[in-house]
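First the structure, in the form of structure tokens, and then the observations on it.
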Amino acid sequence: MLFRSTDFPPDAPIEELARKLVTGLYDLVARDKELLQQLVVARIQQDPTFDSLINDISSRISAGLRNVQDAGTRMAATRGIKGLDPPATIRAIAAMIFGAVLLDDWIDSAGTRRPGRERFIRELTALTTHGFGHRHDL
Numbered sequence: 128m129l130f131r132s133t134d135f136p137p138d139a140p141i142e143e144l145a146r147k148l149v150t151g152l153y154d155l156v157a158r159d160k161e162l163l164q165q166l167v168v169a170r171i172q173q174d175p176t177f178d179s180l181i182n183d184i185s186s187r188i189s190a191g192l193r194n195v196q197d198a199g200t201r202m203a204a205t206r207g208i209k210g211l212d213p214p215a216t217i218r219a220i221a222a223m224i225f226g227a228v229l230l231d232d233w234i235d236s237a238g239t240r241r242p243g244r245e246r247f248i249r250e251l252t253a254l255t256t257h258g259f260g261h262r263h264d265l
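Residues are numbered in my numbering as their position in the sequence shown, beginning at 1, plus a constant of 127.
Dropping the structure here:
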């Protein structure tokens with residue numbers, strides 16, 4: 128399984144939890160980048176040949192992200208955090224990672240050096256940590 132809810136204890140430091148989420152999802156998408164890109168194309172073209180594979184991979188990723196979402200809900204309750212929306216938060220983080228990895232060549236500015244794995248993970252961890260850790264509605 129991509130993530131188990133026990134991977135995200137509610138009393139762990141937020142930055143540690145964010146890094147674990149970002150690293151795990153980034154590594155998965157980067158490792159299986161070509162396969163995921165091909166499955167996206169197959170889904171868009173509505174090619175039934177790949178339906179079972181698409182459904183299998185989608186359900187595994189969804190189950191792992193659901194565990195993270197549930198852990199986020201427990202964390203918010205344990206810490207008394209108000210205003211956190213774990214389903215929207217997890218979707219936003221996952222979308223950033225999927226988009227950044229799968230569409231890397233679209234996002235890369237001509238003449239600039241692409242951020243490496245560690246740099247990307249460090250930046251997205253900081254964005255995740257401070258993006259919901261320092262909101263006014265929390």
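Where a beta carbon is used, it is the ideal one built from N, C-alpha and C, also for glycine.
Is the beta carbon of residue j closer than 8 Å to that of residue i?
{"i": "Thr205", "j": "Pro137", "result": "yes"}
{"i": "Leu129", "j": "Ile188", "result": "yes"}
{"i": "Tyr153", "j": "Arg244", "result": "yes"}
{"i": "Ala145", "j": "Thr239", "result": "no"}
{"i": "Ala190", "j": "Phe177", "result": "no"}
{"i": "Thr255", "j": "Ile220", "result": "yes"}
{"i": "Leu211", "j": "Ala222", "result": "no"}
Thinking residue i and residue j are a contact (beta carbons under 8 Å), I'd like their distance in whole angstroms, please.
{"i": "Val228", "j": "Phe135", "result": "Not a contact, Cβ separation roughly 22 Å."}
{"i": "Arg241", "j": "Asp231", "result": "7 Å"}
{"i": "Ile248", "j": "Thr150", "result": "5 Å"}
{"i": "Leu166", "j": "Leu180", "result": "7 Å"}
{"i": "Pro213", "j": "Gly226", "result": "With 8 Å as the limit, Pro213 and Gly226 do not qualify as a contact, their Cβ atoms being about 20 Å apart."}
{"i": "Leu163", "j": "Val156", "result": "6 Å"}
{"i": "Ser132", "j": "Asp197", "result": "5 Å"}
For the alpha helix (DSSP H) containing residue i, name the first residue and the last one.
{"i": "Gln173", "result": "That residue, Gln173, is in no alpha helix (DSSP H); it is neither H nor E in DSSP."}
{"i": "Leu129", "result": "It is not in any alpha helix (DSSP H) - Leu129 carries neither H nor E in the DSSP assignment."}
{"i": "Thr239", "result": "Neither: Thr239 is in no alpha helix (DSSP H) and is coded neither H nor E."}
{"i": "Ile325", "result": "For residue 325 there is no data in the structure shown, the boundaries of the chain being 128 and 265."}
{"i": "Ala139", "result": "Counting along the chain, Ala139 falls outside any alpha helix (DSSP H), and DSSP gives it neither H nor E."}
{"i": "Leu229", "result": "213-229"}
Comparing the C-beta of residue i with each C-beta of chain D, is any distance below 8 Å?
{"i": "Asp183", "result": "The displayed structure is made up of one protein chain only, and chain D is not part of it."}
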